[in-house]
Every structure is written in structure tokens, then in C-alpha cells.
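Here is the structure we will look at.
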Amino acid sequence: MPEPVILLDDLTKEFPADPPVRALSAIDLRVERSDYVAIVGPSGSGKSTLLNMLGLLDRPTSGGYRLDGIETTTLKDSARTTVRGSRIGFVFQSFHLLPHRSVLENVMLAEVYGRGSRRGRRERALRALERVRLSHRVGFLPGRMSGGERQRAAIARALMGEPALLLCDEPTGNLDSRNTHAVLDLFDELRAQGLTIVVITHENEVSERAARRVRITDGTLAEE
Amino acid sequence: MHPRDLLNEAMAGLLARPVRSVLTTLGTVLGITTLVVTLGVAATAGNQIVGRFDELTATSVTVEVPENPFPLVDWADVGRVTRLRGVVSAAALAESDQSANLSVRSNDVVDPTRVTDQTLTVVASSPGLPAAVKGRMVEGRYFDAGHIARGDRVVVLGRHAADMLGITRLERAPAVFIGTQAYTVIGVLGDLKREKSLASAVMLPPAVGKRYGLGTVTRVLVNTGLGAAELIARQAPAALSPGNEALLQVISPSSPTRARDAVEGDVNALFLILGLVSLVVGAVGIANVTLVTVMERIAEIGLRRALGAARRHIAAQFLLESTLTGLTGGVVGASVGIVVVVAVCAAKQWTPVLDVRLAVMAPAAGAVVGLLAGLYPALRAARMEPVNALR
């Protein structure tokens, strides 16, 4: 049996306060390859904290987190950064595209910090843009594109380097319904191509499209 | 991370806000310009000032011959000095207390309405005197070896002395009386650059001068080529009086390098401080703007961390951005500074003196300023936690 992409084991995160705030309490989660999981819950339920844990942006207080077979909780800062850069593709609510760089440059940025060679980077970026059907916007600045196009450019950037996990934080939060559909269709396609997708959202429309829904309430997870 | 990617990212960061980047470099430009102009103009001016008194003093060597039981320097010995390499002209001179105030008049007529007797200094000299004092014969000619050999009773008057005696023309071979002895005036010497007191003196051939206690050489005037003064000052005594050179006193110009240092020291101190202050202000400017930029680009830093950038990558990018800012300021400042130095020289008709090291070091100094200024902002950017940066 292959290693799951995500394996959370008793993962707990406390924030120092008096008394300590327990944002995640002893969470267990298993996400297999090609899974499409939506994590839903009201604001303040610990969604963002869980995203930060899954994205290796923050360290848990206790418990284990194996990403793609690598135990990440014991890694040093620099090693975690390398794993983050190579295994996880991030998609943010606010896109996080650099406004002064063209779409192509924004996508190519994903490989700047990797170990890979510079040779062929442009071709790989063009291929990633093709996958999100944005080949006609290659030279555009992000400011001149619609929200949906921007989010697709951000997804193309996340796809660079073939990540094990596509981690999406409210990916449709800034989009109208038509663009939301386009992005969700794209997720379906990507999943069909074998990509593992975790979407954190509070929108029903988004979570209903996912194969699996996990609800988070007061720091605990429950399958739906 | 590939170095070229780092450079790309830093350049893109700077070019994203071109106006701000240009304004940020301004402080460094001002500082480096001030430094380059200060050092450049000081070096140039120092050279000019030295060059100016070079023409007169830096080539003049005087050898004083003290009184001695036997003559230390003979009249003919001057020829040996003239043969030294670097000597342009030389002449021997005899002066004595006895001849310093002699009564000289131009005719024997007793005219109660006029003062006909003038008290003048009488000196004896070798024939090369006009060249040695850098003067010219206003009238007539100077006596030569022939006059001396024959013991001709001739004199040459200094221009001022001729005026006082009322001698303006030599066609009729006017005579002057020194005491009761008559002498024919064969020339008037004027426009002296050295030993200007000789303008009001009466010059005699040494053979005649003996009568007035002017038999032995008391002074030798030497003019050298530029830069040869120091060498000639050492060689002349030996050439004049072999074996007795220690008895002769040499008066030579101070070494030109020392003069230059003194001039530079004065001019530089103040402006150097000014330039350094501007540099510090420039550095503070860069630090300030880079810090603001870091705060503005928190989201970008978060994104880069999410894409796998380590802390050192973030630090390196901001450091490189501030260093490039400083370097640009240094290059522009050095260029402007050199143009200003050349312009000043053109206006003053000086020869610009440019130290190549200065032209190379100035941009480097700008880069170092930028690097130092970027340290703190880069550290702040690197310390940022990705969670907080992405929030």
C-alpha cells in the first residue's frame, strides 16, 4: 500500500496565552493520492491553523505529520522550507501574484528557489499555463486580467514542479460564480490527472464538488 | 538558488518602483559626488599651486661662499657647474660690505640744483649673469670674457640704477664715475626675476672689481631644469670647490611633494567630512526606504517563503537590492564628480589630475554603503515568519 500524501497523527496546536488556546486538538487525518478533500467549518474553528500546519508554514505543538512519506515535525527550518517548496503547491484566496511581473514570470517564480536547472523553465511554465488554459495571457500583467484568470495563473504556478499536494485556501473567495465554476472545473480536471487536492473553504458550492468533506469544529475534525 | 535568478529578482524588485529607486540613490550620488569632487579638485589644485611656484623657486639654487683665507671658488669654476646635467644657467657674483654703498655719478659737472651723486651697490659678476637672474638686456650688452681678460673699464647698470643716474641711451658711450674712476656703460640689465636688488646695482667685470674688494666669489646663482633642483643642490658644491664642498652653503627650494601634501591636507579635511556625512545620510536613506519596501512587500515575502525560499534567499534578495542601489549611486556619483572636476579645471584652465583608484573605488564605496544600509532591513525580512507574512 503506497504512503498516503497526508497523514496527521494526534496533531495538536496550542497558542501561548493564559490559559493556552487550543486551536487544533489531537487531529487525525489521512489523505490518499488523488484524493479531493474539502475542509469546511465556520471562521474561528481552526481552519487557518490547519492550513498552516498542512502547508508547513507553522509547527504543531505535538503530534506527527507525514507529508508524502516524510515526517515533517522533526525537520529543521531549512529542510521544511525545501519540502514545502518541492511538495506543496499553494493557491491563495488573494492569488498572491507579483503585480509588476508578467503571468509567465509569475509562474516561473515557482522554480526560482528549487534545485532544478534553469534550462527548460520557460517551457515548463508555458506547459503549466496550457494546463490551466491561459496560454493566451502569457505576457499579461496580473492587473489586466479578471479574477478567474488570475486564480488560474496562480494555479499554474502551484502546478510547476509537479507537487504532491495542491493546497488551496478559499480559492474562490474573491471570485464571482462564473469564475468559481471555471476554477472548480479545473480542479476536477487536475484531480482526474492524478493530483491530490485539499481545499479549505466555507462555501458549500466548493465543498459539494469535493469527493470528501471534513468538517472542523472547535479544533476537532469530523468526516461528513 | 541560481545567482542569475537572485540577480533577476533583485533587479525586478528595484525596477518595480523606478522613481523610488532613483530617489533612494540620490543620497549616495550626492555623497560620492562630493567625495570625488573634493579629492579630485584638491589633487588638481595642489598640483597647480606647486606648478606655479615651480617656475620661480623650484628651479633656483643659490650657493653661498663664506669668507675664507684662500678663495674657495674661483671665477672660472662656474663653468663646471654649467656643465652639470640639469643646469640651465649659472653665474658667480661678488659682493662686499666695502662696495655696498659707493658713490656713483654720471658726469663730473657740479650742478647745485640736482643730486648727481647716487649711493649704489657695486658688484662683480661672471659674464653669465643676465641668464642667471632671468633678466634681459634693456640696452646694449653684458660684458664678456674678452672684457674681463683685457681688464676693460666697463660697467653694466641695473635698470633702476640707470634711471637714477639719468642714463637712458648708450649710443654716445656714456660714462659713470665710481668714486673718481670713470667707466664706460655698455649695457642696462632689466626685468630681473631673481636677485631683484641687482636692478639698482652697478655690475663690474671681476678684473676691475678687485679695486673695490670684489676679487673673490661670494655667491653662485644656479638655475636648473624642473625637478633637477634637488640633485643640483647636492652636486653644485662639489663641482665648484672640490674638497671644500662642506664649507659651502646651498639654498635650495623645499621638495615639491611636501608642498603638495600641505595644500591637499588643508583643502581636503573639511570637504572630506562633508562627503562622508552625505554618504552616511545616503546610507540612512537607503536603509529607510528598504525597510519601508520590506514592510510593503510582506505578502511577497510570504509568497516566496511558500514557494520554498529559505530565510537566506529572502535576506540575499533585499541585500542585493540595497547594494545595487548603492552601486548605482556610486557609479552615477563618480561620473558626476569627474565631470565636475573636469569642468572646474576647464574653467580655471588647470590640468585635471585624476586618480584612477578614485574612479574605481567610488562605485565600490557606494556598493558598500548600500550593503551596510541593507543589513537591518534584510534581517527583518528574513526573520519574518511565513504564517504572519501570508496573513
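Chains S and L are the protein sequences, given in the same order.
Sequence positions in the first sequence follow the UniProt record's numbering and run 1 to 224.
Sequence positions in the second sequence follow the UniProt record's numbering and run 1 to 391.
Cβ coordinates follow ideal geometry from the N, Cα and C atoms, glycine included.
The DSSP assignment places complete alpha helix (DSSP H) segments of no fewer than 4 residues inside the UniProt domain "ABC3 transporter permease C-terminal" (273-386) of chain L at 298-306, 311-348, 356-383, in order along the chain. For M1/L, the closest Cβ of chain S is nearer than 8 Å.
Residues of chain S whose Cβ lies closer than 9 Å to the Cβ of P18/L do not exist; the shortest such Cβ separation is about 10 Å. Going by beta carbons, G46/S and G173/S fall outside the 8 Å limit.
Taking C-alpha positions only, R121/S is separated from E162/S by approximately 13 Å. In this structure the stretch 168-183 of chain L does not lie against the stretch 218-228 of chain L, because fewer than three pairs of beta carbons, one per stretch, are closer than 8 Å. Rounded to whole angstroms, the separation of the alpha carbons of K76/S and R312/L is 14 Å. Against chain L, the CB of V91/S has no partner CB under 8 Å away; the residue lies outside that interface. Looking at the DSSP output, R219/L sits in a beta bridge with E64/L, L93/L. Using a C-beta cut-off of 8 Å, the stretch 31-38 of chain L makes no contact with the stretch 373-391 of chain L, since fewer than three inter-stretch Cβ pairs fall below that distance. When 7 Å is used as the limit between beta carbons, G85/S is near these residues of chain L: L307, G308, in chain order. Per DSSP, S62/S is not a residue of any alpha helix (DSSP H); the beta strand (DSSP E) it occupies stretches across 62-67.
A Cβ-Cβ contact shorter than 8 Å links V37/L with G337/L. DSSP places T220/S within a strand segment (E or B) once states are collapsed to three. E71/S is bridged by DSSP to R66/S. C-alpha of V208/L to C-alpha of G151/L: approximately 6 Å in a straight line. Per DSSP, E139/L is one residue of the beta strand (DSSP E) stretching across 136-140. When 7 Å is used as the limit between beta carbons, A299/L is near these residues of chain S: H96, in chain order. In this structure the stretch 192-206 of chain L touches the stretch 154-163 of chain L; the number of beta carbon pairs closer than 8 Å is three or more.
Shown in chain order are the members of the stretch 6-39 of chain L whose Cβ falls below 7 Å from a Cβ of chain S: E9, A12, A16.
Between S62/S and T12/S, the C-beta gap is smaller than 8 Å, which places the two residues in contact. Neighbours of L354/L in chain S, taken as residues whose beta carbon is under 8 Å from its own, are absent, since the nearest beta carbon is some 39 Å off.
DSSP, read as helix, strand or coil, puts G46/S in coil.
For I39/S, the enclosing beta strand (DSSP E) has its first and last residue at 36-40. Taking 4 residues as the shortest admissible run, the stretch 136-178 of chain L contains the following complete alpha helix (DSSP H) segments, listed from N- to C-terminal end: 145-150, 159-165.
At a C-beta separation below 8 Å, G139/S has no neighbours in chain L, since its nearest C-beta there lies roughly 15 Å away. Take the alpha-carbon of V342/L and the one of G285/L: they are about 29 Å apart.
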